[in-house]
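K.L.:
In UniProt numbering, the protein residues as written are 1 to 328. Glycine included, each C-beta is placed from N, C-alpha and C at the ideal position. Bear in mind that the values here come from a model prediction, so they are computed numbers and not experimental data.
(1) At 4 residues or longer, and completely inside the UniProt domain "Thioredoxin-like fold" (168-325): list those alpha helix (DSSP H) runs for me, N to C.
(2) Where does the unbroken alpha helix (DSSP H) through residue 88 begin, and where does it stop?
(3) Answer yes or no: do residue 169 and residue 249 have a C-beta to C-beta separation smaller than 8 Å?
(4) Can you check which of these residues, 298, 229, 139, is closest to residue 256 by C-alpha distance?
(5) Let me know the secondary structure DSSP gives residue 142 once reduced to three states.
(6) Can you give me the Cβ contacts of residue 77 inside the same chain, cut-off strictly under 8 Å, excluding the 5 residues immediately before and after it?
(7) Grab me the residues of residue 289's own chain with a C-beta within less than 8 Å of its C-beta, minus the 5 sequence neighbours each way, in chain order.
(8) With a threshold of 6 Å on Cβ separation, who are the neighbours of residue 244 within its own chain once the five nearest residues in sequence on each side are excluded?
(9) Using the Cα positions of residue 313 and residue 101, report the straight-line distance between them to the nearest angstrom.
(10) Short of 7 Å in beta carbon distance, which residues of its chain neighbour residue 172, apart from the five on each side in sequence? Order them along the chain.
(11) Under 8 Å: do the region 177-185 and the region 251-265 share three or more Cβ pairs, one atom per stretch?
(12) Three-state secondary structure (DSSP) at residue 328?
(13) I need the boundaries of the alpha helix (DSSP H) containing residue 76, first residue and last residue.
(14) Using 10 angstroms around the beta-carbon of residue 239, count the other beta-carbons present and answer buried if the total reaches 16, otherwise exposed.
(15) Please state if the CB of residue 92 and the CB of residue 129 are separated by a distance shorter than 8 Å.
(16) Distance, Cα to Cα, residue 320 vs residue 121?
(17) Within its chain, find whatever has a CB closer than 6 Å to the CB of residue 275; leave out the 5 residues flanking it on each side and keep chain order.
(18) To which residues of the same chain is residue 316 closer than 8 Å at the C-beta, ignoring the five residues directly before and after it?
(19) Which same chain residues end up closer than 8 Å to residue 329 when comparing Cβ atoms and leaving out the 5 residues on each side of it in sequence?
(20) Let me check understanding here. Comparing Cα to Cα, which of 48, 273, 54 lies closest to residue 225?
(21) According to DSSP, is residue 132 part of a helix, a strand, or is it coil?
(22) Here's the rule I'm using: 16 or more other beta-carbon atoms within 10 Å means buried, otherwise exposed. How should residue 137 be labelled?
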């Protein structure tokens with residue numbers, strides 16, 4: 001069994017006294033030497049990694065959206081004897097106010113105006129804490145943070161995409177331009193859609209929304225069925241397209257597992273459901289996919305809002321903050 005600190009201390013003192021007697025050293029230096037030995041023998045605190053600059057929320061979401069990275073993180077947390085969520089909570093407790101202050105000045109300068117709302121300040125500081133946590137977890141897991149797609153001005157990006165045949169609402173000169181890349185088989189896209197639909201209804205005359213296809217599995221035509229049907233529905237019934245989108249999210253998985261039509265649907269739905277292999281719509285879906293990859297889109301849902309890239313699921317309050325941050 002390891003020696004207790006008290007017993008170790010007594011043994012050390014005995015040898016130090018003998019050493020002093022042999023070499024006629026006074027007791028004062030002995031005390032100093034004793035203190036030096038034991039202070040140096042204390043384990044050093046773990047180095048709390050602080051990156052030169054914090055990754056953005058979008059970059060963190062982009063990194064976490066990779067199945068390879070998630071498996072890597074889960075394996076690493078398992079080796080520590082905890083879950084990934086527990087690891088995250090443990091790291092949160094270790095982030096000090098000094099750590100947050102290290103970035104606070106820079107983060108505050110990036111705001112368009114001074115913050116008066118104390119709740120907003122608390123939210124910002126908590127988000128800095130979370131970004132520090134993920135930076136440390138990624139660093140300990142040897143994961144490089146994936147950067148979000150490059151920023152582009154409205155004119156620059158719109159010049160790079162072909163939106164002629166894309167589902168879209170609103171006018172190009174609207175206050176906000178929102179471009180979404182998604183797939184009806186994507187769980188996070190399905191989770192976000194009801195909030196996006198409410199947003200489009202609430203800001204109907206202020207948003208120009210464009211939907212672009214980004215299939216999770218672009219190499220399998222069968223998995224493209226919901227996106228192909230979506231193209232047909234937009235072409236034949238654009239006025240009710242958001243309702244059709246909701247229906248597609250609800251039935252997408254059934255559609256790729258079976259060639260049978262979805263029952264109890266409208267006539268336009270039934271008509272488009274029979275167009276699952278139409279080459280024209282298939283080509284449009286694949287062109288969107290190739291276009292998105294050239295822009296740097298690698299995961300979904302991805303949104304571009306007035307020059308700002310957003311990656312990952314969004315809720316109503318998050319959408320409101322995005323609109324506030326991107327307001328012209």
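P.N.:
So, to answer that:
(1) Runs of the alpha helix (DSSP H) inside the UniProt domain "Thioredoxin-like fold" (168-325): 187-202, 225-236, 241-257, 267-273, 279-295, 316-325.
(2) Stepping through the chain shown from its first residue, residue 88 is reached at position 88. It spans 84-94 - the alpha helix (DSSP H) in which residue 88 sits, taken as one unbroken run.
(3) Translated into positions along the chain shown, residue 169 becomes position 169. Translated into positions along the chain shown, residue 249 becomes position 249. Not closer than 8 Å, so no.
(4) Here residue 256 is taken as the residue at index 256 of the chain shown, counted from 1. Minimum Cα distance to residue 256 is reached at 229.
(5) Translated into positions along the chain shown, residue 142 becomes position 142. Reduced to three states, the DSSP call for residue 142 is coil.
(6) Taking the first residue of the chain shown as 1, we reach residue 77 at position 77. Closer than 8 Å at the Cβ level, and outside the excluded window around residue 77, lie 83, 84, 86, 87.
(7) Reading the chain shown from its first residue, position 289 is the one you call residue 289. Cβ neighbours of residue 289 beyond the five flanking positions: 213, 214, 215, 218.
(8) Residue 244 sits at position 244 when you count from the first residue of the chain shown. 233.
(9) As a working note, residue 313 is residue 313 in the chain shown. As a working note, residue 101 is residue 101 in the chain shown. Their backbone Cα atoms lie some 28 Å apart in a straight line.
(10) Taking the chain shown and counting its residues from 1, the one referred to as residue 172 is at position 172. Hits under 7 Å: 208.
(11) yes
(12) The residue given as residue 328 occupies position 328 in the chain shown. Correct three-state label for residue 328: coil.
(13) Reading the chain shown from its first residue, position 76 is the one you call residue 76. Segment 67-79, the alpha helix (DSSP H) holding residue 76.
(14) For the purposes of this step, residue 239 is taken as residue 239 along the chain shown, with counting starting at 1. Exposed: under 16 other Cβ atoms inside 10 Å.
(15) Within the chain shown, the letter at position 129 stands for residue 129. Within the chain shown, the letter at position 92 stands for residue 92. By the CB criterion at 8 Å, residue 129 and residue 92 fall inside the cutoff.
(16) What you label residue 320 is simply residue 320 of the chain shown in a count that begins at 1. What you label residue 121 is simply residue 121 of the chain shown in a count that begins at 1. Rounded to whole angstroms, the gap between the alpha carbons of residue 320 and residue 121 is 17 Å.
(17) Position 275 of the chain shown, counted from the start, is the residue given in the question as residue 275. Only 232 meet the Cβ criterion.
(18) The residue labelled residue 316 in the question sits at position 316 within the chain shown. Cβ neighbours of residue 316 beyond the five flanking positions: 195, 198, 199.
(19) Residue 329 lies beyond the range of the chain shown here (1 to 328); nothing can be said about it.
(20) What you label residue 225 is simply residue 225 of the chain shown in a count that begins at 1. The shortest C-alpha separation from residue 225 is found at 273.
(21) The residue labelled residue 132 in the question sits at position 132 within the chain shown. Residue 132 sits in a helix when the DSSP states are folded into three classes.
(22) Along the chain shown, one-based indexing puts residue 137 at 137. Buried.
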